[in-house]
Amino acid sequence: MVSQCFSLFQQRVCPICKRTFADLPSHLRRQHHVVNATEFRLILRLASARLKDSLACPLCEKNFSRLDMHLASRHKLSGSDLEVVLSSAKRECILDKLAKLRHSQPTPPMASMLDLLRVKVQPEHRSETVLVSQSMPTNMEPYGSPEPHSEPEIPSTIMPALSAPKTPRLEPPTPHSSSAGSLRENSPRTPTEFPSPIIHRVLRDFYDFSLPSNPSNKDMENAQQRRSHALRFLQHMAAGFSDQQLKNLKFLEDFLRLRQWPADLAHKGYAPTSIKVMLLNASAFVNHFKAFHLEISGLSSNKLERILLQLRRLSRDNTRAVLSHRQRAKRKKSESLQTSTELQSFIRKAERNLPRVMDDIRTKPTSKLYRIAQGYVAGYLAVLTGHRPIVFCNITKADLLEAEKDPLGRTLVWVSTG
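Residue numbers for the sequence shown follow UniProt numbering, beginning at 1 and rising by one.
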């Protein structure tokens, strides 16, 4: 139980949306719907700092089991230069494996598009970039400057700071934005862009409409999910139509294809609860089109209402599958619950061992001791309060400073991000 608790404290950056999460595996399953086991492991390896595979040197195009030693001894790289090249080589190795997995047409299908969105850089260009950096004077900008040529490799997610595109394109939301205005200017990354520029703009407007006046990171994530679900719905309905036929919403009148959408999602491995959310978000998008962009939809208000009626019918038909899925999930969770005897044993163990661990930290602090102490504290509080350990990971200094006292003298901490 200790290992389960302190493993949640390991903050890792999601390779897909570039945000930091304490429980990255759950984030990949819930937010990005990664259901393929091989893809799931590769994305986690991409987020990890360790990789045991042989890596290709970008300078001499050979594979080495210890690329770091080769770069240090043969190419005289060190410090940040070495870290940049190692990170680039590791990413290329894993993206190649993702590309091979996609080529094999796996079941269930892949949810991410990391291998498709990456931008390949020619070896000679990468070699020239790294060699130039070795001979830089000390007063020049190091790696990480905003100039495009100072990077040994363009990241797979094309950031606006690296290049100014000639035509507007949607970019993923920046997690470090500090104001609501800057949050709204950044639209979410989507699997693919819709061919119609008109509907493309409406999708962006739907994303902005889904955000509150002062959006948090969670609000941005929810708005991104709503927009992504609307795009999946449009892509399903638009299959087989030409770009000329996708200038408005007339392609949504194919009710036979519309009724096939839940079955298509289930075939791709989506759970009934996920299908329910997608149907609700598709309905919200059609409602948004009807309320704000009716004149460019190409359909009358009555026809859009019939589409909404069909979506609501599909959502009702999915209710039985949702209930069955929730019962199975609840049964599975119940089977994995700790017994009261095990919880009492853990409480006694934490009360006995935690003081000794804290004494060891004072005399000889190590990262392992910190993780053990955090695991004991999180597990102890989780057993006493009934909260999940992730709640304690999300407590901030501001939450503690704003803690309140109840009439019985107990301290109440309101966790702002749960």
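All residues carry an ideal CB built from backbone N, CA and C; glycine is no exception.
Beta-carbon proximity list for Leu314, same chain, < 6 Å, skipping 5 on both sides: Pro262 and Leu279
Glu221: first and last residue of the uninterrupted alpha helix (DSSP H) it sits in: Asn217 to Ala238
CB contact flag (Phe292, Leu304, <8 Å): no
Under the three-state DSSP convention, the category Val13 falls into: strand
Tyr370 to Leu231 span [Cα, whole Å]: 44 Å
Under 8 Å between C-beta atoms of Thr38 and Leu95: no
Residue of Arg29, Arg306, Asn281 and Asp317 minimising C-alpha distance to Asp254: Arg306
Check whether Ala89 and Ala47 have beta carbons under 8 Å apart: no
Of the listed residues His33, Val13, Asp115 and Arg12, nearest to Thr273 (C-alpha basis): His33
Sequence-distant residues of its chain with Cβ nearer than 8 Å to Ser78 (five each side left out): Ala72
Given 8 Å, three or more beta-carbon pairs between the stretch 341–352 and the stretch 363–383: yes
Asn63 - partner residues in DSSP beta bridges: Ala56
Helix, strand or coil at Thr411 according to DSSP, with G and I counted as helix: strand
Contact under 8 Å by Cβ, Leu354 with Ala378: no
CA-to-CA distance, Met113 to Ser340, given in whole angstroms: 44 Å
Exposure of Ala398, with buried meaning 16 or more beta-carbon neighbours within 10 Å: exposed
Secondary structure of Glu295, DSSP reduced to three states: helix
Local Cβ density within 10 Å of Asp243, reported as buried at 16 or more and exposed below that: exposed
Close beta carbons around Lys405, own chain, < 8 Å, minus the five adjacent residues each side: Thr411 and Leu412
Spatially closest choice to Ala284 from Arg45, Leu308 and Tyr270, by CA coordinates: Leu308
Candidates Phe251, Ser216, Phe40 and Ile199, of which the one nearest Lys97 by Cα: Phe40
Beta-bridge partners of Phe241, as assigned by DSSP: Its beta-bridge partners do not exist; DSSP assigns none.
Closest residue to Glu295 among Gln11, Lys247 and Glu402 (Cα-Cα distance): Lys247
Exposure label - Lys276; buried when at least 16 CB within 10 Å: buried
Whether Gly298 touches Leu258 by CB criterion (8 Å): no
Buried/exposed call for Asn302, threshold 16 Cβ in 10 Å: exposed
Environment of Pro106 [buried if 16+ CB atoms lie within 10 Å]: exposed
CA-to-CA distance, Leu24 to Pro58, given in whole angstroms: 29 Å
First through last residue of the alpha helix (DSSP H) which encompasses His75: Taken as a continuous stretch (DSSP letters only), His75 belongs to no alpha helix (DSSP H), as it is neither H nor E.
Cβ-based neighbour list, Pro108, same chain, cut-off 7 Å, excluding 5 preceding and 5 following: Val35, Asn36, Lys268 and Gly269
Residues near Leu86 by beta carbon distance below 8 Å, same chain, minus five either side: Leu55, Leu67, Asp68 and Leu71
Cys17 to Gly240 span [Cα, whole Å]: 30 Å
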